[in-house]
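Residue numbers for the sequence shown follow our numbering, beginning at 98 and rising by one.
Each residue gets a CB set at the ideal place from its N, CA and C atoms; glycine is no exception.
Note that the structure is a prediction, hence the values are computed from the model and not measured.
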Amino acid sequence: MLNSSNTLLCVFSFNMGPALANCLDSASRHFPDFDIALVDDQSSDPGTLAVLVDWRARVQYYHESTEPKAGKTHGNLYGNIQRMADLALAEGYRFLFLIQDDTQFVRPFSPDLQAQYGALFHHDHVLQIDPRFHRKMGPIDILPEMNGYAFPEGDYRRSYADVGILDLYKIRDLGWRFLEGEPENKKALTALGMLRVFPFSPMMMHVPFPQVYRGGRRKRAWSFLRRGTYGYADLTPAEIERLDSRPLSHAPYFREFLRPSGLGLAQLPYRRWKERRIFS
98 MLNSSNTLLC VFSFNMGPAL ANCLDSASRH FPDFDIALVD DQSSDPGTLA VLVDWRARVQ
158 YYHESTEPKA GKTHGNLYGN IQRMADLALA EGYRFLFLIQ DDTQFVRPFS PDLQAQYGAL
218 FHHDHVLQID PRFHRKMGPI DILPEMNGYA FPEGDYRRSY ADVGILDLYK IRDLGWRFLE
278 GEPENKKALT ALGMLRVFPF SPMMMHVPFP QVYRGGRRKR AWSFLRRGTY GYADLTPAEI
338 ERLDSRPLSH APYFREFLRP SGLGLAQLPY RRWKERRIFS
């Protein structure tokens, strides 16, 4: 069972401002007794810096990376993930929850979810639980024996993502060190037979229309969208019941179960645009 004594939440930050505040607020709200690490990768945006000042004393671990980022598409993200995995193991945690600053939790991490997620790690080859709502991701396998979902065999995405809960004991036993780039980690860990499982009951998602960075620079797009300021309404008890009582064959697609908040004029593109444009 995952619980507050064996699981460390880790939020990775870079220049997301209001989205970072929304992410941290949702984590604090839905994981009230869990330790949080906040790792910033040399943010320069004044709004983000203000959020970091506000939260620095409110989290259990805080780190600012100082390594050079020249030539790195994702800055020091993978070095920071490795640093936090090492720290979590040294501090006695078994599980590390990787959280990106453009994501939000929408429901409490209840004892039922803690037990559901923890049971998945009893399978020796399950390295990671990815508790995000589904997108149109292409073919996905239903796993009745796990009450969850996974990418099919042969799909390099099968093993790992930069968001989700990692079993650090399995990371340690593999002698694994994180590579530079999500595809590289996916391919190598898939080749080792590791599995990333989407649980039956998701609890988080990327917010719509986040700020987007390429090579450390903000990507400009659609000025009428207040990028980086949107989120989701928390699920009500009735919505949680509807989500958790559906059949396993009914995948938890984000558009069906989540209510975006504060969209205003962005409601039209949210309804009509393809997912890639909504989340980038």
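Closest in alpha carbon position to A118, among E338, K371, G325, H347, is G325.
The beta carbons of R191 and N282 sit no closer together than 8 angstroms. Y214 sits away from I178, with the two beta carbons spaced by 8 angstroms or more. If you look at R180, you'll find it in the alpha helix (DSSP H) that goes 174-187. For L265 and L195, the gap between their C-alpha atoms comes out near 12 angstroms. One thing to note: F111 has its Cβ within 8 angstroms of the Cβ of G172. According to the DSSP assignment, P280 belongs to the alpha helix (DSSP H) that extends over 279-288. Here I268 carries a helix assignment [DSSP, helix/strand/coil]. Beyond the five residues adjoining it in sequence on each side, L345 comes within less than 7 angstroms, by CB distance, of I239, P241, N244, F297 in the same chain, given in chain order.
Here DSSP, grouped into helix, strand and coil, assigns T104 to strand.
Distance from the CA of L146 to the CA of P115, rounded to the nearest whole angstrom, comes to 11 angstroms.
Comparing alpha-carbon positions, the option among F131, L322, W273, M291 lying closest to F306 turns out to be L322. With a beta-carbon spacing of about 12 angstroms, V136 and L121 fall beyond the 8 angstroms limit used to define contacts. Beta bridge pairing from DSSP links D132 with L105. Under DSSP, I196 takes part in a beta bridge, and its partners are V108. Cβ neighbours of A348 within its own chain (closer than 6 angstroms, five residues either side excluded): H231.
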